[in-house]
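A.B. asks: Heads up: the protein sequence lines correspond to chains A and B, in order.
Residues 1 to 281 (the working numbering) are what the first sequence spells out, left to right.
Residues 1 to 281 (the working numbering) are what the second sequence spells out, left to right.
Note that beta-carbon positions come from the ideal geometry of N, C-alpha and C, so glycine has one too.
Protein chains: 2
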Amino acid sequence: MKRITTTAGMRRWTDAARTSGLSVAFVPTMGYLHEGHLSLLRRARREADLVAVSIFVNPLQFGPKEDLKRYPNDLPRDTRLVRKEGCDVLFVPSPTDMYPPGYRTRVTVEGADEVLCGRFRPGHFSGVATVVLKLVNLVRPDVLLLGQKDAQQAVVIKRMLEDLNTGVKVLVCPTVREKDGLAMSSRNNYLSPDERGRAVAISQSLFLARDLARRGERRASAIRARIMKVLTEAGVIGVDYVEILDGTDLTPLLRLEGDVLIAVAARVGRTRLIDNVKLKV
Amino acid sequence: MKRITTTAGMRRWTDAARTSGLSVAFVPTMGYLHEGHLSLLRRARREADLVAVSIFVNPLQFGPKEDLKRYPNDLPRDTRLVRKEGCDVLFVPSPTDMYPPGYRTRVTVEGADEVLCGRFRPGHFSGVATVVLKLVNLVRPDVLLLGQKDAQQAVVIKRMLEDLNTGVKVLVCPTVREKDGLAMSSRNNYLSPDERGRAVAISQSLFLARDLARRGERRASAIRARIMKVLTEAGVIGVDYVEILDGTDLTPLLRLEGDVLIAVAARVGRTRLIDNVKLKV
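1) For chain A, check one thing: does any of its Cβ atoms lie closer than 8 Å to the Cβ of Y190 (chain B)?
2) I'd like the list of long-range same chain contacts for D275 (chain B), defined as Cβ closer than 7 Å, with 5 residues on each side in sequence excluded.
3) Could you give the DSSP three-state label for N276 (chain B): helix, strand or coil?
4) Is DSSP giving K149 (chain B) helix, strand or coil here?
5) So, is the C-beta of V155 (chain A) closer than 8 Å to a C-beta in chain B?
6) What do you reckon, are the CB atoms on A48 (chain B) and V89 (chain B) nearer than 8 Å?
7) Spatial neighbours of Y241 (chain B) within its chain, please: CB distance less than 6 Å, with the 5 preceding and 5 following residues excluded, ordered by chain position.
8) Along chain A, in chain order, which residues have C-beta atoms closer than 8 Å to that of T166 (chain B)?
9) List, in chain order, every chain A residue whose beta-carbon is nearer than 9 Å to that of Y241 (chain B).
10) If distances are taken between C-alpha atoms only, which option among A:E114, A:R198, A:L38 comes closest to L81 (chain A)?
11) Please list, in chain order, the chain A residues whose beta carbon lies closer than 7 Å to that of V107 (chain B).
12) What residues of chain B sit near D249 (chain A), judged by a beta carbon separation below 8 Å?
13) Taking beta-carbon pairs under 7 Å, can you tell me which members of the stretch 107-126 of chain A lie near chain B?
14) I think L41 (chain A) touches S23 (chain A), with their Cβ atoms under 8 Å apart; what is that distance to the nearest whole Å?
15) Heavy atom of the ligand GTP less than 7 Å from the Cβ of V176 (chain B), yes or no?
16) Pull up the distance between the alpha-carbon of R224 (chain A) and that of D194 (chain A), whole angstroms please.
17) What residues from chain A crowd round D142 (chain B), counting only those whose CB sits closer than 7 Å?
18) Identify the residues that DSSP records as bridge partners of T29 (chain B): which are they?
19) At a CB-CB cut-off below 7 Å, which residues of chain B make contact with L133 (chain A)?
20) Three-state secondary structure (DSSP) at T6 (chain B)?
21) DSSP state of R267 (chain B), grouped into three classes?
22) With DSSP run on the structure shown, which of helix, strand or coil describes I202 (chain B)?
23) So with Cβ pairs under 8 Å, would you call T7 (chain A) a contact of chain B?
24) At the 8 Å Cβ level, is R159 (chain B) part of the contact set with chain A, yes or no?
25) Report yes if the CB atom of V132 (chain A) is closer than 8 Å to the CB atom of R210 (chain A), and no otherwise.
26) Assess, as a yes-or-no matter, whether the stretch 57-72 of chain A is touched by the stretch 213-229 of chain A under the definition of 3 or more beta carbon pairs within less than 8 Å.
27) When you compare the stretch 165-174 of chain A with the stretch 161-179 of chain B, are there three or more beta-carbon pairs, one atom per stretch, that lie closer than 8 Å?
28) Tell me where the alpha helix (DSSP H) around C117 (chain A) begins and ends.
29) For D113 (chain B) and R119 (chain B), which I take to be in contact (beta-carbon distance under 8 Å), what is that distance rounded to the nearest angstrom?
30) CB-CB under 6 Å to R267 (chain A), same chain, minus the five flanking residues each way: which ones, in chain order?
31) Taking M349 (chain B) as the reference, which of B:M10, B:D249, B:G36 has the closest Cα?
32) I think L261 (chain A) touches A151 (chain A), with their Cβ atoms under 8 Å apart; what is that distance to the nearest whole Å?
33) In the DSSP output, which residue or residues are listed as bridge partners for Y241 (chain B)?
34) By DSSP, does A289 (chain A) sit in helix, in strand, or in coil?
35) Within 10 Å of its beta-carbon, does P95 (chain B) have 16 or more other beta-carbons around it, so buried, or fewer, so exposed?
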């Protein structure tokens, strides 16, 4: 496996890959890899001839009061894991190489700041869209793999890559969970044992919501109330949102119909966690 | 020469071109081609194995009160001209193919709305940056050719393509002028004979400004005053701006130094014309 640390080096690799005619699958990450990331790498291995992974904690997608500075990292461990999964290239650029002095360009997907995490993290999805487009231009993949846990991110990136005629196919892969149901996240690392105990209420509330829907409940308000009850009883009180939306374009639903996304964001202690379930009604 | 009218068709051509290993030069236009465009096509011919041209009057870059609906067009004539110049592909997409229902993505270059035409055409350069990125993603050129007449457009596009790591080289080619000095523009077509007579004052004022600078004048205010005098005396009174800027990053200059751009935008009758000269001091 090749480890590349500059945008110029990445372009050279990509030019060579393109000339060879081999297909490329790409998994962008912020590092501190967990089973969720590794499941994407394994799927990527099956999708293309070459697998590229990036680790870049993108300053553009963090708000001024968010956890950019304390975001966990362990590059030696990540490198071992990526190599073990048989990836071909690990791209680890520096912030100044990605955003040199004079950098001024932003990609925005209109409406992204109006639902779900967008309302609580202004500019976040513009930061995500911008960095993913930059990485896609450097790696030139045929297919990009993303996790369903970050549901809104997946919708925004898919929309952006399609709108801009990049020709990149997006594969959204299932959320990987701990044994008790908690969605894997690098941010779970922040949780104290007590907080970890309470955090499981988030996935439990979503599984309950899915069961209610499967048993015929169609009122979004009723499902939202049940989720809030589970969270409150578990002591998860910092709830940013419980939203029930169309899974394709993220418009809010009053009644469950078609592709439905039920999504929660809540703070457990100082740690903000998100999770969601998708279902067809 | 192949004429392609769909984004899907364009992608197929591009995939084939990439597989062949041939290089591609690309000239994006809004059609109604004049000598300025043709000079770009000839230069493109020398720059790469294949030459692609697009004609697309991009609704995203026109304001609600601007001339989108009356923008001149003559596709049969343009097609003949492009063929005569030995181009390989002419891409003429439809607005609904470029911006289908649900389209939501915008590319912006921060600061572009704060100088020159940006102040008078809010959102214009975001519309330009967005469509050029889409076209570049569809055509995948090695080199993109632009005219110096649209100086701010060239700076914005160059910045955007570099910031987003597209790897596309930008070549900015000299403004082509009528015999009396008027910069060629599809919008010259709007001018009445009387307006055409007055319009030449724009280029004349810029040539005078360049002469003054060459003879040692360094005060931007003095040069601006002389330009205004020439315009006023010729009856060109709808002056949007006379600006003297750094030619690389478009910051305003009080004293002429380094790469200098002197730019004018003025309305002659209902027609808004722009022109500029570049010089090294």
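C.D. replies: Answer, in terms of the structure:
1) Within the second sequence, the letter at position 190 stands for residue 190 (chain B). Y190 (chain B) does not count as touching chain A.
2) Here the question's residue 275 (chain B) lines up with position 275 in the second sequence. K149, A183, I202, S203, L206, V264, listed in sequence order.
3) As a position in the second sequence, residue 276 (chain B) is number 276, starting the count at 1. Correct three-state label for N276 (chain B): strand.
4) Within the second sequence, residue 149 (chain B) is the residue found at index 149, counting from 1. Three-state DSSP puts K149 (chain B) in coil, outside helix and strand.
5) Taking the first sequence and counting its residues from 1, one reaches residue 155 (chain A) at position 155. So, not an interface residue.
6) Residue mapping note: residue 48 (chain B) aligns to position 48 of the second sequence, counting from 1. Residue mapping note: residue 89 (chain B) aligns to position 89 of the second sequence, counting from 1. Not closer than 8 Å, so no.
7) Taking the second sequence and counting its residues from 1, one reaches residue 241 (chain B) at position 241. Cβ neighbours of Y241 (chain B) within its own chain (closer than 6 Å, five residues either side excluded): A265.
8) Taking the first residue of the second sequence as 1, we reach residue 166 (chain B) at position 166. Result: N137.
9) As a working note, residue 241 (chain B) is residue 241 in the second sequence. What Y241 (chain B) touches in chain A: nothing, since even the nearest Cβ is about 21 Å away.
10) Position 81 of the first sequence, counting from 1, holds the residue named residue 81 (chain A). It is A:L38.
11) In the second sequence, residue 107 (chain B) corresponds to position 107, counting from 1. Correct list: T105, V107.
12) Start at 1 with the first residue of the first sequence, and residue 249 (chain A) comes out as number 249. Proximity of chain B to D249 (chain A) at the Cβ level (cut-off 8 Å) is accounted for by G102, in chain order.
13) V107, T108, V109, E110, G111
14) Numbered from 1 along the first sequence, position 41 holds the residue referred to as residue 41 (chain A). Numbered from 1 along the first sequence, position 23 holds the residue referred to as residue 23 (chain A). 16 Å between Cβ atoms; not a contact.
15) Summarising the ligand content, the structure contains no ligands, and the ligand GTP is consequently not present.
16) In the first sequence, residue 224 (chain A) corresponds to position 224, counting from 1. In the first sequence, residue 194 (chain A) corresponds to position 194, counting from 1. Roughly 25 Å between the two C-alpha positions.
17) Locating residue 142 (chain B) in the second sequence gives position 142, where the first residue counts as 1. Those do not exist, as D142 (chain B) stays about 11 Å from chain A at its closest Cβ, beyond 7 Å.
18) Along the second sequence, one-based indexing puts residue 29 (chain B) at 29. In the DSSP assignment, the residues bridged to T29 (chain B) are B:I55.
19) Locating residue 133 (chain A) in the first sequence gives position 133, counting from the first residue. Going along chain B in sequence order, the residues near L133 (chain A) (Cβ under 7 Å) are L164.
20) Locating residue 6 (chain B) in the second sequence gives position 6, where the first residue counts as 1. Coil at T6 (chain B), not helix or strand.
21) Position 267 of the second sequence, counted from the start, is the residue given in the question as residue 267 (chain B). Under the three-state reduction of DSSP, R267 (chain B) is assigned to strand.
22) Translated into positions along the second sequence, residue 202 (chain B) becomes position 202. The DSSP-derived three-state label of I202 (chain B) is helix.
23) Stepping through the first sequence from its first residue, residue 7 (chain A) is reached at position 7. Yes, contact with chain B.
24) Start at 1 with the first residue of the second sequence, and residue 159 (chain B) comes out as number 159. Yes - at least one Cβ of chain A is within 8 Å of the one on R159 (chain B).
25) Reading the first sequence from its first residue, position 132 is the one you call residue 132 (chain A). Reading the first sequence from its first residue, position 210 is the one you call residue 210 (chain A). No. Outside cutoff.
26) no
27) The stretch 165-174 of chain A, when compared against the stretch 161-179 of chain B, does not touch it at the 8 Å Cβ threshold.
28) For the purposes of this step, residue 117 (chain A) is identified with residue 117 of the first sequence, where counting begins at 1. Unbroken alpha helix (DSSP H) run through C117 (chain A): 117-120.
29) Working through the second sequence from its first residue, we reach residue 113 (chain B) at position 113. Working through the second sequence from its first residue, we reach residue 119 (chain B) at position 119. Confirmed, about 7 Å.
30) Stepping through the first sequence from its first residue, residue 267 (chain A) is reached at position 267. Answer for R267 (chain A): G238, listed in chain order.
31) Past the boundaries of the shown model lies residue 349 (chain B); chain B is included only from 1 to 281, so the question cannot be answered.
32) Along the first sequence, read from residue 1 onward, the residue named residue 261 (chain A) stands at position 261. Along the first sequence, read from residue 1 onward, the residue named residue 151 (chain A) stands at position 151. So it is a contact: roughly 6 Å between Cβ atoms.
33) Along the second sequence, one-based indexing puts residue 241 (chain B) at 241. The partner list for Y241 (chain B) (beta bridge, DSSP) reads B:A265.
34) There is simply no residue 289 (chain A) to check, as chain A begins at 1 and stops at 281 in what is shown.
35) Counted from its first residue, the second sequence places residue 95 (chain B) at position 95. Exposed: under 16 other Cβ atoms inside 10 Å.
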